[in-house]
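> My numbering puts the first residue of the sequence shown at 1281, with every later residue one more than the last. C-beta: ideal position from N, C-alpha, C; glycine also. Quick one: this structure, given as structure tokens, is what I'll be asking you about.
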Amino acid sequence: MIRFAFGLRRSLDRGYCVQAGLGGTREKNLMSYAESVLRSADCELKASQTKEAFEWIQGMKGNMDSAEGGGGTEWVLGPSRVALDMPSRPRKPILLPPREMPSHKQLKVPLADYLLHCLAHVELNAIDVVWDTILRFRSEPSALPLSFYMDMVSIAADEARHFTLLCARLRAKNLSYGSLPAHTGLWEYAEKTKYDFKGRIATMQLVQEARALDSWDRLVTKFKSQGDLESSRIIDQICREEIDHVKKGLYWFNWICRKENLDSVLTFRECVRSYVGKIPPPFNDDARATAGMSREWYDSLQEK
Ligand SMILES: [Fe+2]
Ligand SMILES: [Fe+2]
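What follows is the structure, given as structure tokens:
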């Protein structure tokens, strides 16, 4: 009882609280949210905890603004935790190496359904990758400011909403996430960049998320040509929202390069050559430019 009372007192002081989402009476901070999302095999729980974390950190903004001038904001991040090799995942979908993924024809499902399932899987991976970035780079030597973590939580919350939207669309078509196989491709980049902060932002926000912008028109057209107008509308909305993720990635990539006296475009190219290789065209130059990414960032990385 005494312990509970003490915890409750602290909760009033700093926004900690007793909660079910993070398991009993653990303190709310970003590291505990990150660990909890990554350890959860329940994808709906991953999405709902991400949403909760975003709302929590938004609610804490006032406290943080006053703390930044004085007592610091370490309590928002929480103590460092050991990163996980792999996030927990539900028993289904079955995960296959990208080259072994069957086509929609082999699975005998309509292309629109197959694509919806693939995209839901991409969004679920994106949630895990962002939380892994938050957890893994907690102690970056260049001392990332709290605003970096807030941007990451905001991206994770968007991905969680995208995942929820796509799952709802799958359900409306009498399907569910997990009813088809999925590939392990996205996590491979997370694995490759687990010790390289610049590599992580480059491969995830500046390559993978920017490629979502490149496929925007093609995806919308594919859904329309399949007669699935509702899905095309959802995909259009999701792709539009990915612009902000690239923008945030660019901001932090430039930030870290400035801090380390590096040329950000050259450093980005090095990261891409190390972890990705070439980037396949066509590029959505307009959407990339809206995110702040000019052609010099990717022109020379183009697959011929
Ligand atoms: Fe997304
Ligand atoms: Fe995204």
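Thinking C-alpha only, which one of R1491, L1404, G1572 and T1473 is nearest E1439?
Position 159 of the sequence shown, counted from the first residue, corresponds to residue 1439. Selected option, being the one with the closest Cα: L1404.
> To the nearest angstrom, report how far apart H1463 and Q1338 are at their CA atoms.
Your numbering for residue 1463 matches position 183 in the sequence shown. Your numbering for residue 1338 matches position 58 in the sequence shown. Near 34 Å, if we compare the C-alpha coordinates of Q1338 and H1463.
> Does DSSP put A1462 in a helix, a strand or coil?
What you label residue 1462 is simply residue 182 of the sequence shown in a count that begins at 1. The answer is strand: DSSP assigns A1462 an E or B state.
> Taking buried to mean at least 16 other C-beta atoms within 10 Å of its own C-beta, is K1326 buried or exposed?
Along the sequence shown, one-based indexing puts residue 1326 at 46. K1326 comes out buried.
> Across which residues does DSSP place Q1582 in a beta bridge pair?
Counting from one through the sequence shown, the residue named residue 1582 turns up at place 302. Paired residue(s): I1559.
> Taking Cβ positions, are L1391 and H1384 nearer each other than 8 Å?
Here residue 1391 corresponds to residue number 111 of the sequence shown, with the count starting at 1. Here residue 1384 corresponds to residue number 104 of the sequence shown, with the count starting at 1. Yes, these two residues count as a Cβ contact at 8 Å.
> Residues bridged to L1375 by DSSP?
Translated into the one-based positions of the sequence shown, residue 1375 becomes position 95. Answer is A1462, bridged to L1375.
> Following a CB-centred definition, is D1431 positioned closer than 7 Å to any heavy atom of ligand 2?
Sequence index remark: in the sequence shown, residue 1431 carries index 151 (1-based). Answer for D1431: no, Cβ out of range of ligand 2.
> Flag this pair as yes or no: are the beta carbons of L1581 and L1530 separated by less than 8 Å?
One-based indexing of the sequence shown puts residue 1581 at position 301. One-based indexing of the sequence shown puts residue 1530 at position 250. No. Outside cutoff.
> Apart from the five residues on each side of it in sequence, which residues of its chain come closer than 6 Å, Cβ to Cβ, to P1367?
The count along the sequence shown starts at 1 and reaches residue 1367 at position 87. Excluding positions up to five away in sequence, the list reads L1318 and D1408.
> Which residue's Cα is closest to the Cα of E1576: W1532, P1425, S1544 and G1465?
Here residue 1576 refers to the residue found at position 296 of the sequence shown. Out of W1532, P1425, S1544 and G1465, S1544 has the C-alpha closest to the C-alpha of E1576.
> Any chance the CB of I1514 is under 7 Å from a heavy atom of ligand 1?
Looking up residue 1514 in the sequence shown gives position 234. No, Cβ of I1514 sits at least 7 Å from all heavy atoms of ligand 1.
> For R1361 and M1311, which I take to be in contact (beta-carbon distance under 8 Å), what is that distance rounded to the nearest angstrom?
Position 81 of the sequence shown, counting from 1, holds the residue named residue 1361. Position 31 of the sequence shown, counting from 1, holds the residue named residue 1311. 5 Å between Cβ atoms; contact.
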